[in-house]
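*Asks:* In the UniProt record's numbering, the protein residues as written are 1 to 411.
No residue lacks a Cβ here, since even glycine has one placed at the ideal position from N, Cα and C.
Quick one: this structure, given as structure tokens, is what I'll be asking you about.
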Amino acid sequence: MHYGSRHHSATISTRIPAHGDLAAVDTSGGSPPLLQEKQQGAVHRTRQSQQQPSLNAPSNKNSKKTAIAPKKNRKNTILIQKPFPPKPPVRRANAAFVMLVRNSDGQGARSAVRQIEDRFNRNFQYPYVFLNDAPFTEEFKALVRPMSKANMTFGLVPEEHWSYPEWISTTKAKEARKTMAKVVYGWSESYRHMCRYQSGFFFQHEAMLPFDYYWRIEPDVEYSCDLDFDPFLFMQDNNKKYAFTMSLPEYTETIPSLWNVTKDFMDKYPHLLAEKNALDFISDDGGKTYNMCHFWSNFEIADARWMRGEAYQQYFKHLDQAGGFFYERWGDAPVHSIAAALLLPIDQIHFFKEIGYYHAPFYNCPAEPEFQAKCHCDPYQNVNRERMSCTIKFLELAGEKGMVFPEEIFD
Ligand SMILES: Nc1nc2c(ncn2[C@@H]2O[C@H](COP(=O)(O)OP(=O)(O)OP(=O)(O)O)[C@@H](O)[C@H]2O)c(=O)[nH]1
Ligand SMILES: [Mg+2]
1 MHYGSRHHSA
11 TISTRIPAHG
21 DLAAVDTSGG
31 SPPLLQEKQQ
41 GAVHRTRQSQ
51 QQPSLNAPSN
61 KNSKKTAIAP
71 KKNRKNTILI
81 QKPFPPKPPV
91 RRANAAFVML
101 VRNSDGQGAR
111 SAVRQIEDRF
121 NRNFQYPYVF
131 LNDAPFTEEF
141 KALVRPMSKA
151 NMTFGLVPEE
161 HWSYPEWIST
171 TKAKEARKTM
181 AKVVYGWSES
191 YRHMCRYQSG
201 FFFQHEAMLP
211 FDYYWRIEPD
221 VEYSCDLDFD
231 PFLFMQDNNK
241 KYAFTMSLPE
251 YTETIPSLWN
261 VTKDFMDKYP
271 HLLAEKNALD
281 FISDDGGKTY
291 NMCHFWSNFE
301 IADARWMRGE
311 AYQQYFKHLD
321 QAGGFFYERW
331 GDAPVHSIAA
341 ALLLPIDQIH
351 FFKEIGYYHA
361 PFYNCPAEPE
371 FQAKCHCDPY
381 QNVNRERMSC
391 TIKFLELAGE
401 KGMVFPEEIF
411 D
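This is the structure we're talking about:
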């Protein structure tokens with residue numbers, strides 16, 4: 001399901017250009033700018049690259065004039081040289097994008113990467129790690145590689161991270177899939193391996209080990225706001241360990257025993273719980289029951305060192321032993337969220353309201369005019385402002401400024 005319009009020519013003319021990019025402004029009422037850029041770009045790119053003064057060359061008045069002066073072409077279209085792109089940032093975090101993906105999702109993967117590049121990463125060049133339980137095909141790699149100049153690694157998930165642990169009864173697991181046939185993905189064996197992998201292993205993959213922070217992306221997601229800051233550095237500089245863009249309630253049928261198993265963990269390992277944690281985000285009765293609130297983990301920026309650390313690892317092992325990844329259908333979203341809420345102080349969890357994001361069927365879309373100016377999403381369709389979302393509750397508990405509603409600005 002998709003609500004908003006995908007067509008937004010404004011992005012084309014306002015984006016920061018790649019080196020030597022041209023913007024075409026149509027004065028003849030002819031074809032739209034994008035088309036002109038396509039039709040005429042090749043010719044003018046060549047001409048421009050011949051005339052463009054070198055960044056190192058001594059500047060004089062004339063050469064400057066040549067670089068910015070509008071040029072007329074034969075079709076009466078004025079071509080304007082856009083300013084040079086910003087210099088690569090001086091500081092970067094030790095971080096990577098990560099996408100778990102099947103070979104059959106190459107088109108969705110390239111679309112997500114293209115948007116990450118357009119909105120953020122072309123100015124930063126953070127690397128990508130693609131992970132798959134089957135070897136990546138050359139076709140998949142050929143689809144995503146051209147989307148970014150950043151380094152890309154294509155990793156194979158080790159079998160021991162995508163199979164049944166010895167203490168799990170495969171017969172009981174099969175039975176569970178049958179009885180849960182009507183629950184979302186309740187019938188699926190691979191979905192369960194995926195959720196367990198995303199809960200406990202992807203950040204331990206050898207391709208991920210060099211990195212401190214990761215930003216999870218999925219095929220077919222959309223990014224609708226230009227980001228002129230570095231969210232990884234934001235995490236690092238503000239000592240944040242887990243960040244989200246949407247929060248929602250989980251389907252109760254998928255996690256009947258998750259909270260009881262979590263309570264066992266809390267009794268057994270009280271020293272691993274954080275002071276000033278976010279228990280009240282996930283429980284409305286002081287921990288007796290789980291209120292199903294979770295961060296939607298298809299978007300995540302997090303500190304992988306926290307997840308590799310003792311507290312998170314102990315929690316994951318405790319859950320894994322209980323078998324709910326296979327006997328029920330525990331998702332990585334409630335697992336990550338409960339872990340973050342209990343094992344981190346609430347001030348290490350962050351809501352990135354300015355990251356416009358879409359994963360079917362929900363959006364995050366900021367209403368603040370300063371953010372909207374960089375977005376093409378509809379702030380009325382921001383799921384975080386809906387009653388079912390838990391984000392307003394999170395902001396209240398975290399003592400952060402409330403969300404701006406579009407009615408306050410546009411109505
Ligand atoms: N390699 C591989 N990746 C998978 C598999 N199943 C899911 N994934 C990936 O795991 C992530 C989550 O899977 P999704 O199917 O999107 O799960 P979801 O977001 O809960 O469900 P949707 O609403 O259908 O998107 C995505 O990045 C998928 O590409 C699988 O069997 N193999
Ligand atoms: Mg998904």
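Leaving out the 5 sequence neighbours to the left and right, which residues in its chain are closer than 8 Å to Ser257 when beta-carbon positions are compared?
*Replies:* Ala322, Gly324, Glu328
*Asks:* List the endpoints of the continuous alpha helix (DSSP H) containing His161.
*Replies:* Note, His161: premise wrong, no alpha helix (DSSP H); not H, not E.
*Asks:* Looking only at its own chain, which residues have a Cβ that is under 7 Å from the Cβ of Arg102, when we skip the five neighbours before and after it?
*Replies:* Here the set comprises Asn132.
*Asks:* Is there contact between the segment 290-304 and the segment 242-252, where contact requires at least three CB pairs shorter than 8 Å?
*Replies:* yes
*Asks:* Give the single residue among Glu386, Val129, Val184 whose Cα lies nearest to the Cα of Thr254.
*Replies:* For the residues Glu386, Val129, Val184, the minimum Cα distance to Thr254 belongs to Val184.
*Asks:* Which class does Pro70 belong to by DSSP, given the choice of helix, strand or coil?
*Replies:* Because the pLDDT at Pro70 is just 49, under 50, the model does not fix this residue reliably, and the point stays unresolved.
*Asks:* Leaving out the 5 sequence neighbours to the left and right, which residues in its chain are closer than 8 Å to Leu344 when beta-carbon positions are compared?
*Replies:* Lys241, Tyr242, Ala274, Asn277, Ala278, Trp306
*Asks:* Here's a check: name, in chain order, each residue in its chain whose Cβ is nearer than 6 Å to the Cβ of Gly186, leaving out the five neighbours to either side.
*Replies:* Result list for Gly186: Met180, Arg329, in chain order.
*Asks:* Beta-carbon separation of Leu156 and Pro135 under 7 Å?
*Replies:* yes
*Asks:* Closer than 7 Å between the C-beta and any heavy atom of ligand 2: which residues qualify, listed along the chain?
*Replies:* Glu218, Asn298, His359
*Asks:* Suppose contacts are defined by Cβ-Cβ distances below 7 Å. Is Ser337 in contact with Leu248 by that definition?
*Replies:* no
*Asks:* Which residue's Cα is closest to the Cα of Glu218: Lys172, Ala367, Trp296?
*Replies:* Trp296
*Asks:* For Thr27, does the three-state DSSP call read helix, strand or coil?
*Replies:* Low confidence applies here, because Thr27 scores a pLDDT of 30, under 50, leaving its location unreliable and the question unanswered by this model.
*Asks:* If you reduce the DSSP assignment to three classes, tell me which class Ile409 lands in.
*Replies:* helix
*Asks:* Could you give the first and the last residue of the continuous beta strand (DSSP E) run that contains Met152?
*Replies:* 152-156
*Asks:* Taking Glu117 as part of the beta strand (DSSP E), name the residues at either end of that continuous run.
*Replies:* No beta strand (DSSP E) holds Glu117; the alpha helix (DSSP H) holding it covers 106-119.
*Asks:* So, using beta-carbon positions, are Tyr213 and Ala95 closer together than 7 Å?
*Replies:* yes
*Asks:* Let me check you understand the geometry: is the CB of Asp133 closer than 6 Å to at least one non-hydrogen atom of ligand 1?
*Replies:* For ligand 1, at least one heavy atom lies less than 6 Å from the Cβ of Asp133.
*Asks:* According to DSSP, is Asn384 helix, strand or coil?
*Replies:* Correct three-state label for Asn384: helix.
*Asks:* Looking only at its chain, what residues have a beta carbon closer than 7 Å to the beta carbon of Phe405, apart from the 5 residues adjacent to it on each side?
*Replies:* Closer than 7 Å at Cβ, skipping near neighbours: Ala367, Arg385.
*Asks:* Flag Ser389 as yes when its Cβ comes closer than 6 Å to any non-hydrogen atom of ligand 1, and as no otherwise.
*Replies:* No, the beta carbon of Ser389 sits no closer than 6 Å to any heavy atom of ligand 1.
*Asks:* Could you tell me whether the segment 144-159 touches the segment 111-123, using the rule of 3 or more Cβ pairs below 8 Å?
*Replies:* yes
*Asks:* Let's see if you can read the secondary structure: which residues bound the alpha helix (DSSP H) around Glu300?
*Replies:* Run containing Glu300: none in the alpha helix (DSSP H); it sits in the beta strand (DSSP E), 300-303.
*Asks:* Checking 7 Å against the spacing of the C-beta atoms, do Val129 and Met208 come in under that value?
*Replies:* yes
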